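Asks: Residue numbers (the numbering used here): 421 to 708. All C-beta atoms in this analysis are idealised placements derived from N, C-alpha and C, irrespective of residue type, glycine included. Quantities reported herein were computed from a predicted structural model and do not represent experimental measurements.
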Amino acid sequence: MTAEPEVWTTMRLLQTSARYLAEKGSPSGRLDAELLLAHVLKTERIRLYVDFDKPVTDAERAAYRELVRRRAAGEPVAYLIGEKEFYGRVFRTDRRALIPRPETELLIDAVLRLRPDRDAAWTAADLGTGSGAIAVTLAAEYPQATVHAVEVDEAALALARENAEAHGVSERIRFHSGSWVEPLAGLTFDFVVANPPYIADGDPRVEPGVKEYEPHVALYAGPTGLEAITVLADGLPTLLRDGGFWACEFGAGERDAIADLLAARGWAPAFENDLAGIPRLFVAHRRQ
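Have a look at this one:
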(Lines of atoms letter the chains of each structure in order from A and count residues from 1; the text may use other names and numbers.)
(Lines give C-alpha, C1' and ligand atoms only; values in the text may rest on other atoms or scores of the structure.)
Protein backbone atom coordinates (compact mmCIF):
# COMPACT_ATOMS: atom_id res chain seq x y z
CA MET A 1 0.00 0.00 0.00
CA THR A 2 1.46 3.34 -1.07
CA ALA A 3 1.89 5.97 1.62
CA GLU A 4 0.09 9.27 1.20
CA PRO A 5 2.42 12.08 0.10
CA GLU A 6 3.34 14.57 2.79
CA VAL A 7 1.22 17.70 2.56
CA TRP A 8 2.58 21.07 3.65
CA THR A 9 -0.16 23.59 4.28
CA THR A 10 0.28 27.30 4.80
CA MET A 11 -0.26 27.02 8.56
CA ARG A 12 2.02 24.03 9.03
CA LEU A 13 4.82 25.73 7.15
CA LEU A 14 4.30 28.96 9.06
CA GLN A 15 4.32 27.32 12.48
CA THR A 16 7.38 25.20 11.73
CA SER A 17 9.35 28.15 10.40
CA ALA A 18 8.37 30.49 13.24
CA ARG A 19 9.67 27.98 15.79
CA TYR A 20 12.87 27.48 13.83
CA LEU A 21 13.58 31.20 13.56
CA ALA A 22 12.90 31.71 17.25
CA GLU A 23 15.32 28.90 18.08
CA LYS A 24 17.93 30.60 15.88
CA GLY A 25 17.65 33.78 17.91
CA SER A 26 15.20 35.93 15.97
CA PRO A 27 13.36 38.25 18.39
CA SER A 28 10.39 38.28 16.00
CA GLY A 29 10.32 34.75 14.63
CA ARG A 30 6.59 34.63 14.02
CA LEU A 31 6.46 37.97 12.24
CA ASP A 32 9.54 37.10 10.18
CA ALA A 33 7.96 33.82 9.10
CA GLU A 34 4.72 35.57 8.14
CA LEU A 35 6.43 38.28 6.09
CA LEU A 36 8.62 35.83 4.22
CA LEU A 37 5.78 33.42 3.46
CA ALA A 38 3.43 36.20 2.34
CA HIS A 39 6.20 37.38 0.03
CA VAL A 40 6.73 33.94 -1.51
CA LEU A 41 3.00 33.32 -1.92
CA LYS A 42 2.45 36.87 -3.26
CA THR A 43 -0.32 37.52 -0.79
CA GLU A 44 -1.07 39.55 2.32
CA ARG A 45 -0.27 38.30 5.81
CA ILE A 46 -3.94 38.04 6.76
CA ARG A 47 -4.49 35.58 3.89
CA LEU A 48 -2.05 33.17 5.51
CA TYR A 49 -4.62 32.63 8.24
CA VAL A 50 -7.69 32.78 6.00
CA ASP A 51 -6.10 30.13 3.76
CA PHE A 52 -4.43 28.25 6.61
CA ASP A 53 -5.18 24.81 5.14
CA LYS A 54 -4.15 25.61 1.58
CA PRO A 55 -1.40 23.28 0.28
CA VAL A 56 1.92 24.92 -0.64
CA THR A 57 3.61 23.72 -3.79
CA ASP A 58 7.08 22.20 -3.75
CA ALA A 59 8.48 25.18 -5.64
CA GLU A 60 6.95 27.64 -3.17
CA ARG A 61 8.23 25.65 -0.22
CA ALA A 62 11.75 25.51 -1.67
CA ALA A 63 11.79 29.27 -2.22
CA TYR A 64 10.46 29.88 1.27
CA ARG A 65 12.96 27.54 2.91
CA GLU A 66 15.82 29.42 1.25
CA LEU A 67 14.56 32.75 2.61
CA VAL A 68 14.09 31.27 6.07
CA ARG A 69 17.63 29.89 5.94
CA ARG A 70 19.02 33.30 5.07
CA ARG A 71 16.96 34.97 7.79
CA ALA A 72 18.22 32.44 10.34
CA ALA A 73 21.76 33.41 9.29
CA GLY A 74 20.99 37.03 10.20
CA GLU A 75 20.00 38.66 6.90
CA PRO A 76 17.33 41.33 7.51
CA VAL A 77 13.79 40.53 6.40
CA ALA A 78 13.49 43.86 4.57
CA TYR A 79 16.40 42.94 2.31
CA LEU A 80 15.02 39.45 1.74
CA ILE A 81 11.62 40.67 0.56
CA GLY A 82 12.91 43.91 -0.97
CA GLU A 83 10.60 46.31 0.80
CA LYS A 84 9.83 48.03 4.09
CA GLU A 85 6.86 50.06 5.25
CA PHE A 86 7.54 53.60 6.48
CA TYR A 87 4.85 56.03 7.56
CA GLY A 88 2.15 53.98 5.87
CA ARG A 89 3.97 53.65 2.55
CA VAL A 90 5.97 50.75 1.16
CA PHE A 91 9.53 51.54 0.09
CA ARG A 92 11.86 49.53 -2.09
CA THR A 93 14.67 48.39 0.20
CA ASP A 94 17.97 46.70 -0.53
CA ARG A 95 21.59 46.74 0.60
CA ARG A 96 22.27 50.07 -1.10
CA ALA A 97 20.78 51.91 1.89
CA LEU A 98 19.89 51.63 5.54
CA ILE A 99 16.55 49.97 6.30
CA PRO A 100 13.96 52.57 7.38
CA ARG A 101 13.23 52.27 11.11
CA PRO A 102 9.96 52.89 12.99
CA GLU A 103 11.66 55.39 15.33
CA THR A 104 12.58 57.55 12.35
CA GLU A 105 8.86 58.08 11.75
CA LEU A 106 8.96 60.29 14.85
CA LEU A 107 10.90 62.84 12.81
CA ILE A 108 7.94 63.08 10.42
CA ASP A 109 5.57 63.46 13.38
CA ALA A 110 7.68 66.33 14.71
CA VAL A 111 7.70 68.14 11.38
CA LEU A 112 3.95 67.76 10.88
CA ARG A 113 3.34 69.09 14.38
CA LEU A 114 5.52 72.16 13.83
CA ARG A 115 4.39 72.78 10.25
CA PRO A 116 0.70 71.81 10.29
CA ASP A 117 -0.19 73.64 7.06
CA ARG A 118 -0.09 70.74 4.59
CA ASP A 119 -0.84 72.96 1.60
CA ALA A 120 1.96 75.48 2.13
CA ALA A 121 4.80 75.60 -0.39
CA TRP A 122 7.49 74.69 2.12
CA THR A 123 11.08 74.18 1.06
CA ALA A 124 12.68 71.33 2.98
CA ALA A 125 15.88 69.30 2.96
CA ASP A 126 16.57 65.69 3.88
CA LEU A 127 20.28 65.27 4.58
CA GLY A 128 21.65 61.76 4.17
CA THR A 129 18.50 60.60 2.40
CA GLY A 130 19.51 56.93 1.97
CA SER A 131 16.47 55.07 0.60
CA GLY A 132 14.62 58.36 0.31
CA ALA A 133 12.02 57.38 2.92
CA ILE A 134 12.07 60.76 4.69
CA ALA A 135 12.24 62.89 1.54
CA VAL A 136 9.47 60.96 -0.21
CA THR A 137 7.28 61.03 2.89
CA LEU A 138 7.70 64.79 3.28
CA ALA A 139 6.87 65.34 -0.38
CA ALA A 140 3.78 63.14 -0.07
CA GLU A 141 2.56 64.73 3.16
CA TYR A 142 3.14 68.26 1.82
CA PRO A 143 1.88 68.16 -1.78
CA GLN A 144 2.99 71.75 -2.52
CA ALA A 145 6.46 71.44 -0.98
CA THR A 146 9.82 71.17 -2.67
CA VAL A 147 12.23 68.76 -0.98
CA HIS A 148 15.98 68.64 -1.51
CA ALA A 149 17.50 65.20 -0.86
CA VAL A 150 21.26 64.95 -0.27
CA GLU A 151 23.24 61.71 -0.28
CA VAL A 152 26.97 61.04 -0.57
CA ASP A 153 26.56 57.45 -1.77
CA GLU A 154 25.57 57.23 -5.42
CA ALA A 155 24.00 53.78 -5.10
CA ALA A 156 21.77 54.93 -2.25
CA LEU A 157 20.84 58.06 -4.19
CA ALA A 158 19.72 55.88 -7.10
CA LEU A 159 17.49 53.91 -4.73
CA ALA A 160 16.00 57.15 -3.41
CA ARG A 161 15.18 58.21 -6.97
CA GLU A 162 13.47 54.87 -7.57
CA ASN A 163 11.32 55.30 -4.48
CA ALA A 164 10.42 58.88 -5.41
CA GLU A 165 9.33 57.70 -8.84
CA ALA A 166 7.32 54.82 -7.38
CA HIS A 167 5.40 57.19 -5.11
CA GLY A 168 4.83 59.82 -7.77
CA VAL A 169 6.74 62.66 -6.10
CA SER A 170 9.98 62.72 -8.09
CA GLU A 171 9.10 66.04 -9.79
CA ARG A 172 9.12 67.79 -6.40
CA ILE A 173 12.33 66.29 -5.05
CA ARG A 174 15.69 67.72 -6.04
CA PHE A 175 18.41 65.12 -5.63
CA HIS A 176 21.95 66.22 -4.76
CA SER A 177 25.06 64.07 -4.74
CA GLY A 178 27.45 65.18 -2.04
CA SER A 179 28.25 65.40 1.64
CA TRP A 180 25.72 66.97 4.01
CA VAL A 181 25.29 70.72 3.41
CA GLU A 182 27.96 71.11 0.71
CA PRO A 183 25.63 70.70 -2.32
CA LEU A 184 23.12 73.20 -0.87
CA ALA A 185 25.25 76.35 -0.90
CA GLY A 186 23.16 79.41 -1.63
CA LEU A 187 19.83 77.73 -0.79
CA THR A 188 17.61 78.33 2.24
CA PHE A 189 14.99 76.13 3.85
CA ASP A 190 11.94 76.27 6.10
CA PHE A 191 13.10 73.10 7.81
CA VAL A 192 15.78 70.44 7.56
CA VAL A 193 15.47 66.79 8.58
CA ALA A 194 18.33 64.36 9.09
CA ASN A 195 18.86 60.80 10.23
CA PRO A 196 22.66 60.82 10.10
CA PRO A 197 25.03 58.03 11.12
CA TYR A 198 25.44 58.27 14.88
CA ILE A 199 27.13 55.04 15.96
CA ALA A 200 30.69 55.24 17.24
CA ASP A 201 33.27 53.11 15.47
CA GLY A 202 33.56 49.71 17.14
CA ASP A 203 30.42 50.06 19.27
CA PRO A 204 29.77 46.51 20.52
CA ARG A 205 26.02 47.09 20.88
CA VAL A 206 25.41 46.95 17.13
CA GLU A 207 23.41 43.84 16.25
CA PRO A 208 25.33 41.31 14.12
CA GLY A 209 22.75 41.38 11.34
CA VAL A 210 22.93 45.16 11.14
CA LYS A 211 26.72 45.22 11.19
CA GLU A 212 27.05 42.51 8.57
CA TYR A 213 24.40 43.55 6.06
CA GLU A 214 23.61 47.27 6.29
CA PRO A 215 25.91 49.91 4.76
CA HIS A 216 28.52 51.11 7.25
CA VAL A 217 28.58 54.60 5.75
CA ALA A 218 25.00 55.02 7.01
CA LEU A 219 25.72 53.56 10.43
CA TYR A 220 29.10 54.72 11.72
CA ALA A 221 29.90 58.40 12.25
CA GLY A 222 33.44 58.11 13.57
CA PRO A 223 35.29 57.67 16.88
CA THR A 224 32.65 59.43 19.02
CA GLY A 225 29.45 58.87 17.02
CA LEU A 226 28.83 62.63 16.98
CA GLU A 227 30.90 63.57 13.93
CA ALA A 228 28.03 63.89 11.45
CA ILE A 229 25.84 65.83 13.88
CA THR A 230 28.75 68.19 14.54
CA VAL A 231 29.12 68.88 10.81
CA LEU A 232 25.40 69.62 10.56
CA ALA A 233 25.40 71.86 13.64
CA ASP A 234 28.21 73.90 12.11
CA GLY A 235 26.83 74.04 8.59
CA LEU A 236 23.09 74.52 8.95
CA PRO A 237 22.78 78.06 10.41
CA THR A 238 23.16 79.74 7.02
CA LEU A 239 20.65 77.38 5.38
CA LEU A 240 17.64 77.98 7.65
CA ARG A 241 15.23 80.82 7.08
CA ASP A 242 13.98 82.92 9.99
CA GLY A 243 11.92 80.63 12.22
CA GLY A 244 13.27 77.53 10.52
CA PHE A 245 14.25 74.42 12.43
CA TRP A 246 16.35 71.28 12.22
CA ALA A 247 14.93 67.88 13.25
CA CYS A 248 17.49 65.15 13.81
CA GLU A 249 17.64 61.57 15.08
CA PHE A 250 20.50 60.45 17.35
CA GLY A 251 21.68 57.39 19.23
CA ALA A 252 20.80 56.05 22.65
CA GLY A 253 22.89 57.61 25.39
CA GLU A 254 23.98 60.63 23.32
CA ARG A 255 21.50 63.22 24.61
CA ASP A 256 23.74 65.04 27.09
CA ALA A 257 26.72 65.22 24.75
CA ILE A 258 24.51 66.52 21.95
CA ALA A 259 22.94 69.12 24.25
CA ASP A 260 26.40 70.47 25.05
CA LEU A 261 27.47 70.34 21.41
CA LEU A 262 24.40 72.28 20.23
CA ALA A 263 24.48 74.84 23.03
CA ALA A 264 28.10 75.66 22.24
CA ARG A 265 27.06 76.47 18.66
CA GLY A 266 24.07 78.63 19.45
CA TRP A 267 21.29 76.09 18.98
CA ALA A 268 18.26 75.77 21.26
CA PRO A 269 17.18 72.11 21.10
CA ALA A 270 14.05 70.38 22.37
CA PHE A 271 14.56 66.65 22.92
CA GLU A 272 11.95 63.93 22.41
CA ASN A 273 11.83 60.26 23.39
CA ASP A 274 11.05 57.25 21.23
CA LEU A 275 8.27 54.79 22.07
CA ALA A 276 10.58 53.01 24.50
CA GLY A 277 11.13 56.23 26.46
CA ILE A 278 14.70 56.69 25.19
CA PRO A 279 15.82 60.16 24.03
CA ARG A 280 15.96 59.73 20.27
CA LEU A 281 15.53 63.02 18.42
CA PHE A 282 15.73 66.76 18.81
CA VAL A 283 14.22 69.77 17.12
CA ALA A 284 16.60 72.73 17.19
CA HIS A 285 16.14 76.43 16.43
CA ARG A 286 18.81 79.08 16.35
CA ARG A 287 18.90 81.19 19.49
CA GLN A 288 17.78 84.78 18.90
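Would you report the Cα separation of E495 and G629, rounded to the nearest angstrom?
Replies: 6 Å
Asks: Based on DSSP bridge pairs, tell me the residues matched to G588.
Replies: Bridge partners of G588: none, in fact.
Asks: Who are the near neighbours of A696 in its chain, counting only those whose CB is closer than 7 Å to its CB and skipping five residues on each side?
Replies: Here the set comprises nothing.
Asks: Excluding five sequence neighbours on each side, which residues of the same chain lie with their C-beta closer than 7 Å to the C-beta of F691?
Replies: The residues R675, P699, F702, in chain order, have a CB closer than 7 Å to that of F691 in the same chain once the five nearest residues on each side in sequence are set aside.
Asks: With 16 other CB atoms within 10 Å as the buried threshold, where does R707 fall?
Replies: exposed
Asks: Could you name the residues of the same chain whose beta carbon sits closer than 8 Å to that of T429, not counting the 5 residues immediately before and after it, in chain order?
Replies: Shown here for T429: same chain residues with a beta carbon closer than 8 Å to its own, the five before and five after excluded, namely F472, D473, K474, P475, V476 in chain order.
Asks: Please state whether the Cβ-Cβ distance between L455 and V497 is less than 7 Å.
Replies: A contact, by the Cβ cut-off of 7 Å.
Asks: Answer with buried or exposed for K504, where buried requires no fewer than 16 other C-beta atoms within 10 angstroms of its C-beta.
Replies: buried
Asks: Evaluate T658 with the Cβ neighbour count: other Cβ atoms within 10 Å of its Cβ, from every protein chain shown; 16 or more gives buried, anything less gives exposed.
Replies: exposed
Asks: What residue from R481, A683, A569 has the CA that sits closest to E426's CA?
Replies: R481
Asks: R512 bridges to which residues according to DSSP?
Replies: E503
Asks: Pick out the complete alpha helix (DSSP H) segments inside the region 431-504, 4 residues or longer, and give them in chain order.
Replies: Listed in chain order, the complete alpha helix (DSSP H) runs (minimum 4 residues) inside the region 431-504 are 449-461, 465-470, 478-492, 497-501.
Asks: DSSP puts N583 in a beta bridge; with which residues?
Replies: Under DSSP, N583 shares a beta bridge with no residue.
Asks: In the structure shown, what three-state DSSP assignment does V572 receive?
Replies: Looking at V572 - three-state DSSP - the assignment turns out to be coil, as it is neither helix nor strand.
Asks: Where V570 and L558 are concerned, what is the direct C-alpha to C-alpha distance, given to the nearest angstrom?
Replies: Spanning the two alpha carbons is a distance of roughly 14 Å.
Asks: Please report the straight-line C-alpha distance between G686 and L660, rounded to a whole angstrom.
Replies: The alpha-carbon atoms of G686 and L660 are separated by roughly 13 Å.
Asks: Where does D529 land, buried or exposed, given buried means 16+ other C-beta within 10 angstroms?
Replies: exposed
Asks: Is it buried or exposed, V567, if we count other Cβ atoms within 10 angstroms and call 16 or more buried?
Replies: Counting Cβ neighbours within 10 Å, V567 comes out buried, since at least 16 surround it.
Asks: Quick one: grab the DSSP three-state call for E634.
Replies: coil
Asks: Using only the alpha-carbon positions, how far apart do D478 and A560 sit?
Replies: Rounded to the nearest angstrom, the gap between the Cα atoms of D478 and A560 is 41 Å.
Asks: What's the C-alpha gap between A565 and T543?
Replies: 6 Å
Asks: Where does S448 land, buried or exposed, given buried means 16+ other C-beta within 10 angstroms?
Replies: exposed
Asks: What does a CB cutoff of less than 6 Å around A459 pick up in its chain, not counting 5 residues either side in sequence?
Replies: Correcting the residue identity first, residue 459 is His in this sequence and not Ala. Excluding residues within five positions, the ones whose Cβ falls inside 6 Å are I501.
Asks: Say whether the region 535-542 touches the region 639-657, bearing in mind that this needs 3 or more beta-carbon pairs closer than 8 Å, one atom from each stretch.
Replies: no
Asks: D546: buried (16+ other C-beta within 10 angstroms of its C-beta) or exposed?
Replies: buried
Asks: With 16 other CB atoms within 10 Å as the buried threshold, where does I593 fall?
Replies: buried
Asks: Do A769 and F595 have their C-beta atoms closer together than 7 Å?
Replies: The requested residue 769 does not occur in the structure, where the chain is confined to residues 421 to 708.
Asks: Run the CB neighbour count on T422, radius 10 Å, all protein chains shown included, and call it buried at 16 or more, exposed below.
Replies: With a pLDDT of 49 at T422, under the threshold of 50, the predicted position of this residue should be treated as unreliable, and no value is reported.
Asks: Going by DSSP, which residues form a beta bridge with G642?
Replies: A620
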